[in-house]
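Structure, as structure tokens:
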Amino acid sequence: MKFAADHVLLRSLLALSLSSIALAAMPPQDENRRTAAAERIEAAGELIGIGFTPQEIELMLPSARTMLRNIEALRNKPLGNEIYPAFAFSPYLPGMTRRAAQYESPRTIAASNESIERPAKLESLYFADIRTLGALVHARKVTCVELTDLFLARLHALDDQLSFVVSFCEERARATAKRLDEELVAGKDRGALHGIPYGAKDLLAARGAPTTWGAAPYREQAFDKDAHVIERLEERGAVLLCKTTLGALAMGDVWFGGTTKNPWNPKQGSSGSSAGSASAVAAGALPFAIGSETLGSIVSPSVRCGCSSLRPTFGRVARTGAMTLSWTMDKLGPIARSAQDAAIVFDAMHGSDGRDPTARDAPFVMPESIRPGDVRIGVLRGRWTESGDGSRFLAELEKLGFRIGEVELPRFPLGPMLLSIQVEGAAAFDELTRSGRDDELVRQTRDAWPNLFRAARLVPAVEYLQANRLRTELMRAFDDAFREFDVLVHPPFAGGVLGSTNLTGHPTFVAPFGSPGEGSAPPSVCFTGQLDDEARLLAVALQWQTSTSYHTKHPKL
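Take the position in the sequence shown, starting the count at 1, then add 195; the result is the number in the numbering used here.
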């Protein structure tokens, strides 16, 4: 019966919102309609846990009419997904100290000049790292056009099985690769990514291809300008081959064309929402790809598919030209095969563009080497202290000389704060909901966007702001906790760290360790760092990966 009562209250509150015109036009002398409006306000108050007296409701009626007229006027003013609110989230609160490491001796993020020979079969390069591919290109042992054709063929060969491509950019890719070969002949070198193929999650605008956001209502949508990240990568010589799949509107691995699959187990979804990016990289169909994360959309598919990927600090990468789900939580990052590759790609894509109000410039200088004894690594108390894969991983870090100690992170109720995603997403896709086109999305379950966006209309604006005030407390608490260590290592989904650090904006690198299971990638570990401290974070992960080979394992397809 409680469900039935709640259902009535939900309908009452919806009726209060959706009957705005009728209520606004209601003659004061119409007592029947006045009583009905008062009852709706009373029911709405019960739903949100606030009781109003009859006198208070009487005073509220004229204000409610005015508010509803204003809401109607607001709805009559179209707002595109690209329009930002008049406020910008920053992971830095007043008084916070920037504790990112500063390095004077940088690791070269440039083309490799190592001696290398052309392989007998180019197919042996499917799982090669960016440095190896770059060395072949710069030594003129393999052309940019050959690399482009090699990976396009691999994408086509596996797409029917794994469903990781929304659209191919073949004409653009071959024209770009041809120009890059000509530039090398003429002595123009764009660096480590010169001629390296990649894919972009299909929430990034790209000239000459649809940008579908993975959802049927937008399958014909196209933009005449590249997203900022694609512009940056093109400047560095990367070659865009395709738009990779994402779960509709950046949730999960189900899109309008089907379900993207895990290369380690094609009967299983790849997870998401950066589904196609992770699947294609893990399958050796792309050297790297661009993904995005609001709450796990880089980490989760990288865990499922066994990729080495970076979710940068919030605001490190300009998001202009990317679909918005949450203005205060969306982040763009590389999905790759190693910390080295993630660093090369991040070096090309980070920074502001003058259009994304949340993006900022901060140094990214990878050190030539780090002294492990200078790095404090925190381990979640009660995690990985027993026998098994976790203890082996910690032993590997200790053997390298890192200082390791247990830490305890502050605990907050994450659910109320994570309402931000639902509410901001509902605002970003307001027109989709009100037009009824959300019925075209494939998933129509209780936990899918159509239902969540509708339910978000019931979150009072006051509570949305209260949740963000609680988020401020979380950010201060995590800033205090991070004084005790430089890098936190943890299982990807342990202890609420994934949700907490997406709210605070801290960067995370996720990578495989251990042995693959039957029909699954190796288990994964996360390295979470200080704000804007991607250099130290990746340097620690790189030192560990250099001493192990977990990240070199790949599925047999």
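Glycine included, C-beta positions come from ideal geometry on N, C-alpha and C.
Simplified DSSP assignment, three categories, for residue i
i    : result
H389 : coil
E430 : helix
T515 : coil
G610 : helix
G242 : Per the sequence shown, the amino acid found at residue 242 is Leu instead of Gly. L242: helix per DSSP, three-state reduction.
N457 : strand
C437 : strand
F722 : strand
G467 : coil
L481 : coil
W450 : strand
E488 : strand
H749 : coil
L350 : helix
A734 : helix
R326 : helix
H545 : coil
G573 : strand
A417 : strand
S472 : helix
L399 : strand
L263 : helix
V360 : strand
T406 : coil
S744 : coil
P558 : coil
G620 : helix
N- and C-terminal bounds of the alpha helix (DSSP H) containing residue i
i    : result
K594 : D584 to L595
P645 : W644 to A651
A370 : E365 to V380
E626 : D625 to S630
S695 : V692 to T699
V657 : A656 to A676
V494 : V494 to C500
Residue i - containing beta strand (DSSP E), residue span
i    : result
N460 : N460 to G464
A706 : T703 to P707
I599 : R598 to V602
G528 : K526 to A531
S504 : S503 to R506
L683 : V682 to H685
Spatial neighbours of residue i in its chain, beta-carbon cut-off 7 Å, leaving aside the 5 residues before and after
i    : result
R166 : Given a span of 196 to 752 for the chain in the structure shown, any question on residue 166 remains unanswerable.
V618 : A651, V654 and Y659
A622 : none
G479 : Y321, F322, R349 and H749
Rounded C-alpha distance that separates residue i from residue j
i    : j    : result
S744 : V705 : 15 Å
P412 : V637 : 10 Å
H746 : P707 : 6 Å
T371 : G403 : 13 Å
L609 : W450 : 28 Å
R385 : T640 : 47 Å
G631 : N646 : 12 Å
N663 : P605 : 17 Å
G571 : D681 : Gly is not the amino acid found at residue 571; the sequence shown has Arg there. Cα to Cα, R571 sits roughly 5 Å from D681.
P687 : S319 : 31 Å
P286 : H701 : 8 Å
G691 : K748 : 28 Å
V434 : V494 : 24 Å
G471 : V560 : 30 Å
S358 : V684 : 33 Å
R270 : D324 : 50 Å
R598 : D727 : 21 Å
N227 : A238 : 17 Å
L737 : L698 : 26 Å
R587 : V720 : 12 Å
With 16 other Cβ atoms within 10 Å as the buried cut-off, status of residue i
i    : result
D642 : exposed
E430 : exposed
K751 : exposed
M291 : exposed
G577 : exposed
D355 : exposed
P392 : buried
V657 : exposed
V796 : The chain is shown only over 196 to 752; residue 796 falls outside these bounds and no answer can be derived.
E729 : buried
L733 : buried
D419 : exposed
Neighbourhood of residue i by C-beta distance below 8 Å, restricted to the same chain and skipping five residues each side
i    : result
D584 : F708, G709 and P718
Sequence-distant residues of the same chain with beta carbon closer than 6 Å to residue i, five excluded per side
i    : result
G596 : P567 and G568
R294 : Q725
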